[in-house]
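Here's the structure, in structure tokens; my notes come after.
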Amino acid sequence: MLTDLRYALRALAKSPGFTAVAVLTLALGIGANTAMFSVVEGVLVRSLPFPSADRLLDLKQMLPQYGAGATSTITAYETWRAARDVLEETAAYTGSNPSLLGVGEVKRVQVWAVSASFFPLLGADPLLGRAFLQAEDHPGAAPVAVLSYAFWQSRFGGTRAAIGQSVTLDATTYTIVGVMPPRFRYPAGTALWTALGHALSGPSGASLAKEHGFWVVARMRPGVTAAGAQHRLDEITRRSWATDPINTGWLPVVTPLRDYLVGGVRTSLLLMLGAVGLVLLVACANVTGMLLARATSRGPDLAVRVALGATRGRLVRQALTEALVLAGGACVLGVALATWGVPVLVSLGAGELPAVADVTVDGWALGVAAGIGACSGLAAGLAPGLFATRVPPADAIQRGSQGSGWRSRASDGFLIGQVALTVVLLCAAGLLGRSFLRLTRVDVGFDPAHVAVVRLQLPRIRYHTAPRRLAWIHQTLQEAQAIPGVTTAAIASGIPLDGGAIGSVRVAGRGPDRDRPWAWIAAVSADYFRVIGVPLLRGRALDAAEPRTVVIDQVAARAYFPREDPLGKQLSFFDTIPRTVVGVVGDTRQESPAKAPPPHIYEPLDHDPVPYLKVLVRTTAEPRHALNALRLAVRGVDPTVPLDAVSPLSALLAESIAAQRFYAVLLGVFAVIALLLAGAGIYGLAAYAVSRRTREIAVRIAIGAGPGRVLGLIVGRGLALTFGGITVGAAGALAATRLLRGLLFEIAPTDPGVLGGVAVLLAGTTLLACWLPARRATKVDPMVALRSE
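Following numbering that gives the first Met the number 0, the numbering of the sequence shown begins with 0 at its first residue and continues without gaps.
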């Protein structure tokens, strides 16, 4: 074995150019696969770092007519806790973003009030201090908090003396009783956890107890399945919720916690992993073709070794050793490429993939890289090894380096395979690219250009009454309007692509209708529609002097007043008094450009403003130039109001399609790599064909063949093989791209334009790759070539 290794190293050292190209080709495939595996493993596997994570469930409530699960009530949590025969433990938690006071600039932090069972259920013990006690689950509990490791480090410098100190959130001071270890960060982004009992205390706690504002996590007993837990909870809730006014009509929804956290990206990530696997296959086919050409050129040498007694097994082993040496070097370089590529993937996927910030090239990834390298080396070395055993020594010596029909057919087959795999990747990338472009051109119903927005929450303690909130709103509007370059300013409780309130709608004079769609409801100031660029189609705009009026969009008009004039009609929401419709505006896409516009209802902001607000200004120049001035204007009204984000409105639009951009860019990169490798393979085959057919080309030129005929001979063969690969790849693409259906927007997986474009691109690549070898062939001197033969 050592003899084979030394021979392989000497042989590869004699051809540094060949060795470098082969190693780089395999390294691209290994590196891309290792990087993608690191992301998939980090997001789909390590995103749930809890003991027996497969037994964890997410529990929600759902209204059957709307399908999607919502958060739960505290009474639902108490009902589910009683299902001890299927659920070993259950925990509730509810989130808020209070203002952190004390040191430096006021800012909001993510806080979760959790039950005492929360940390034990997830198998987490505090690094310092203690977790919550059972007594702290009940209303009236003392305000205590457990810090996340990151918050402990940033706020208290990691000192153990933090236990017993306090932290002030809004107007409440919490005593610190514990610190969690660095690996525990659930839910993601949490700064600290507080006791659920304190959150349920007082008037605000009593109100919270009636809301669907709780998340519930549970651990199944061993042997229980999610389907079994669902069946049992259905039985329990059917009896207990029948007379419960808060939960009547709602159903329990049981989802494995892993599916809840990563279910939305699992399929997409696995598709990307499959795509990068195709890149590896293209790289292996490319290197196999190179090794076959190298084996052919060494035919006489192999024949001499056979004549001297080398067995066929020894020749195969030698070929595999050389391929494995190449794969070893490629593996090292591939890991380096993956180490560089993972941060790039993390930055592209930040915000779209859960737990992606923690992704690194770890031991598992290194093991996968080594396995991929070994398999690639064996696969790439097998064909040259078989070639060495199939050609008789006498034929090899007689033909020299001209090769054999078997080798030619094998090389052609590998090239067709490369092109076919490349077609699949290019078609997939083309579909996602066109889908993304169509998504960017969707009419979202508003004009984000020249609009800047500040998102904030007024502290409830300081702005606990409507008059105080209104005073802040009016002063802020004046300050924003006074900013140089601002033409119009507005404030709203909700804006497109940034969430908001949603509720059921009652139409005056009609009974309840469970099939009537819910509406997105926003309270807006008078100039909101002018700022955001939503056209007023009928009636008039809102007026603060008429608090019992609303403006609806066209979708709402069709949903609530079909075949009727909506103007003058009345409707209500959130069980409030009826409001009169005074205007109809254009439709806007609320959740994503990919989703159809839902019904919208707009009410005057002055009626009863909520603390969650957005300040918007329309500017004459680029909105990014007004961001700092807008920030200062809002802070000038009250410096204690924390600002969540200050950005152009167009940034929200870009964020809403960031996931589609991520997958389109990622698959595009994989397709480009495959195209470059396929182009290199075509070039290599054309160059080999020229060298192998030098005598034939010389004879043709000697009897009068012009440069055009010689060019056609080489280019024509390359195009024939390419179109063979395109034919095979098109069939594969028609089957494979159907898997992308869930990622596509207004484009069919079998779009002929994409396939046609891919065919043209590959034909152009083939022409370019064949042109250089073919051009050299036209310059062959017949006398010199024939004499050398």
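In this text, a Cβ means the ideal position worked out from N, Cα and C, and glycines have one as well.
Remember, it's a predicted structure, so these values are computed and weren't measured experimentally.
(request) Give me the Cα-Cα distance between Ala773 and Ile681, rounded to the nearest whole angstrom. (result) Along the sequence shown, read from residue 1 onward, the residue named residue 773 stands at position 774. Along the sequence shown, read from residue 1 onward, the residue named residue 681 stands at position 682. Whole-angstrom Cα-Cα distance: 12 Å.
(message) Tell me the DSSP secondary structure of Ser591 in three-state form.
(response) As a working mapping, residue 591 is identified with position 592 in the sequence shown. Coil, per DSSP.
(message) Just to confirm the assignment: which complete beta strand (DSSP E) runs, minimum length 3, are found wholly within the segment 478-517?
(response) 485-491, 500-502, 504-506
(message) Give me the DSSP bridge partner(s) of Leu742.
(response) Your numbering for residue 742 matches position 743 in the sequence shown. In DSSP, Leu742 forms no bridge with anything.
(message) Applying the 10 Å Cβ sphere with the 16-neighbour rule, what's the burial state of Asn32?
(response) As a first step, residue 32 is located in the sequence shown; it is residue number 33 there, counting from the start. Result: buried.
(request) Say whether chain C places a C-beta atom closer than 7 Å to the C-beta of Ala686. (result) Judged by its chain identifiers, the structure shown contains no chain C, having just a single protein chain.
(request) Measure the C-alpha to C-alpha separation of Pro495 and Ala479 and round it to an integer number of angstroms. (result) Taking the sequence shown and counting its residues from 1, one reaches residue 495 at position 496. Taking the sequence shown and counting its residues from 1, one reaches residue 479 at position 480. For Pro495 and Ala479, the distance between alpha carbons rounds to 20 Å.
(message) Going by beta-carbon coordinates alone, are Leu648 and Val450 separated by less than 7 Å?
(response) Looking up residue 648 in the sequence shown gives position 649. Looking up residue 450 in the sequence shown gives position 451. Closer than 7 Å, so yes.
(message) Taking only three categories from DSSP, how would you classify Gly128?
(response) Position 129 of the sequence shown, counted from the first residue, corresponds to residue 128. Gly128 falls in the strand class under three-state DSSP.
(request) Specify the secondary structure class of Phe807 as computed by DSSP and reduced to three states. (result) This structure cannot settle anything about residue 807, because the visible part of the chain is limited to 0 through 788.
(request) State whether the segment 577-593 contacts the segment 613-627, with contact taken as three or more CB pairs (one from each stretch) at a distance under 8 Å. (result) no
(request) Using beta-carbon positions only, say whether Gly376 and Ala318 come within less than 7 Å of one another. (result) One-based indexing of the sequence shown puts residue 376 at position 377. One-based indexing of the sequence shown puts residue 318 at position 319. Against a cut-off of 7 Å, the Cβ pair of Ala318 and Gly376 comes out as no contact.
(request) Answer with buried or exposed for Leu11, where buried requires no fewer than 16 other C-beta atoms within 10 angstroms of its C-beta. (result) Here the question's residue 11 lines up with position 12 in the sequence shown. Classification for Leu11: buried.
(message) Between Arg547 and Arg505, how many whole angstroms is the CB-CB distance? I'm expecting something under 8 Å.
(response) Reading the sequence shown from its first residue, position 548 is the one you call residue 547. Reading the sequence shown from its first residue, position 506 is the one you call residue 505. The pair is not a contact, with the Cβ atoms about 15 Å apart (cut-off 8 Å).
(request) Take the Cβ of Pro534 as the centre, count every other Cβ of all protein chains shown within 10 Å, and call the residue buried at 16 or more, exposed below. (result) Counting from 1 along the sequence shown, the entry for residue 534 is found at position 535. That one is exposed.
(message) On the criterion of 16 or more Cβ atoms from any shown chain inside 10 Å, does Leu1 qualify as buried, or is it exposed?
(response) The residue labelled residue 1 in the question sits at position 2 within the sequence shown. By the 10 Å Cβ count, Leu1 comes out exposed.
(request) With DSSP as the reference, please indicate the residues paired to Leu430 in a beta bridge. (result) For the purposes of this step, residue 430 is taken as the residue at position 431 of the sequence shown. DSSP lists no partner for Leu430.
(message) For Arg107, list the residues DSSP reports as bridge partners.
(response) What you label residue 107 is simply residue 108 of the sequence shown in a count that begins at 1. Paired residue(s): Ser98.
(request) Determine the contact status of Asp526 and Thr487, defining contact as a CB-CB distance below 7 Å. (result) The sequence position of residue 526 within the sequence shown is 527, counting from 1. The sequence position of residue 487 within the sequence shown is 488, counting from 1. Cβ distance < 7 Å, so Asp526 and Thr487 count as in contact.
(request) Determine, using beta carbons only, whether Gln109 and Thr189 come nearer to each other than 7 Å. (result) Here residue 109 refers to the residue found at position 110 when the sequence shown is read from its first residue. Here residue 189 refers to the residue found at position 190 when the sequence shown is read from its first residue. Yes, these two residues count as a Cβ contact at 7 Å.
(message) At the level of alpha carbons, what is the spacing between Ala428 and Ala26?
(response) Residue mapping note: residue 428 aligns to position 429 of the sequence shown, counting from 1. Residue mapping note: residue 26 aligns to position 27 of the sequence shown, counting from 1. About 22 Å.
(request) Could you tell me which residues DSSP pairs with Gly538 in its beta bridges? (result) As a working note, residue 538 is residue 539 in the sequence shown. Gly582, per the DSSP bridge assignment.
(message) Could you give the first and the last residue of the continuous beta strand (DSSP E) run that contains Asp57?
(response) Within the sequence shown, numbered from 1, the residue matching residue 57 stands at position 58. Its beta strand (DSSP E) spans residues 55-61.
(request) Report the option in Ser503, Thr421, Ala593, Val343 whose CA atom is closest to the CA atom of Asp442. (result) Here residue 442 is taken as the residue at index 443 of the sequence shown, counted from 1. The shortest C-alpha separation from Asp442 is found at Ala593.
(request) Tell me whether Pro15 is buried or exposed, calling it buried when 16 or more other Cβ atoms sit within 10 Å of its Cβ. (result) On the sequence shown, position 16 is the one that residue 15 refers to. By the 10 Å Cβ count, Pro15 comes out exposed.
(message) Buried or exposed, going by whether 16 or more other CB atoms sit within 10 Å of the CB of Asp643?
(response) Translated into positions along the sequence shown, residue 643 becomes position 644. Exposed.
(request) Determine, using beta-carbon pairs with one atom in the segment 18-25 and one in the segment 322-338, whether at least three such pairs fall under 8 Å. (result) yes
(message) Suppose contacts are defined by Cβ-Cβ distances below 7 Å. Is Leu438 in contact with Ala217 by that definition?
(response) For this step, residue 438 is matched to residue 439 along the sequence shown. For this step, residue 217 is matched to residue 218 along the sequence shown. No, they are not a contact pair.
(request) Report yes or no: do three or more beta-carbon pairs, one from the segment 413-423 and one from the segment 602-609, lie closer than 8 Å? (result) no
(message) Please report the distance separating the alpha-carbon of Leu62 from that of Ser71.
(response) As a first step, residue 62 is located in the sequence shown; it is residue number 63 there, counting from the start. As a first step, residue 71 is located in the sequence shown; it is residue number 72 there, counting from the start. If I take the Cα positions, the gap works out to 11 Å.
(request) Could you tell me the distance, in whole angstroms, from the CA atom of Phe435 to the CA atom of Leu652? (result) Within the sequence shown, numbered from 1, the residue matching residue 435 stands at position 436. Within the sequence shown, numbered from 1, the residue matching residue 652 stands at position 653. Taking the straight line joining both Cα atoms gives about 13 Å.
(request) Would you mind giving the Cβ-Cβ distance between Glu135 and Val143, rounded to the nearest angstrom? I have them listed as a contact below 8 Å. (result) Residue numbering aside, residue 135 sits at position 136 when the sequence shown is read from its first letter. Residue numbering aside, residue 143 sits at position 144 when the sequence shown is read from its first letter. Contact holds; Cβ gap of about 7 Å.
(request) Please report the residue range of the alpha helix (DSSP H) in which Tyr173 lies. (result) For the purposes of this step, residue 173 is taken as residue 174 along the sequence shown, with counting starting at 1. No alpha helix (DSSP H) contains Tyr173, which is instead part of the beta strand (DSSP E) from 171-178.
(message) With DSSP as the reference, identify every bridge partner of Ala91, one or two as the case may be.
(response) In the sequence shown, counting from the first residue as 1, residue 91 sits at position 92. In the DSSP output, where bridge partners are listed per residue, Ala91 has Val215.
(request) Whole angstroms is fine: what's the gap from Pro561's alpha carbon to Arg515's? (result) Against the sequence shown, residue 561 aligns to sequence position 562. Against the sequence shown, residue 515 aligns to sequence position 516. Taking the straight line from one Cα to the other gives about 12 Å.
(message) Tell me the rounded alpha-carbon separation between Gln637 and Thr172.
(response) Here residue 637 is taken as the residue at index 638 of the sequence shown, counted from 1. Here residue 172 is taken as the residue at index 173 of the sequence shown, counted from 1. Going by the sequence as given, residue 637 is Asp instead of Gln. Going by the C-alpha atoms only, they are around 22 Å apart.
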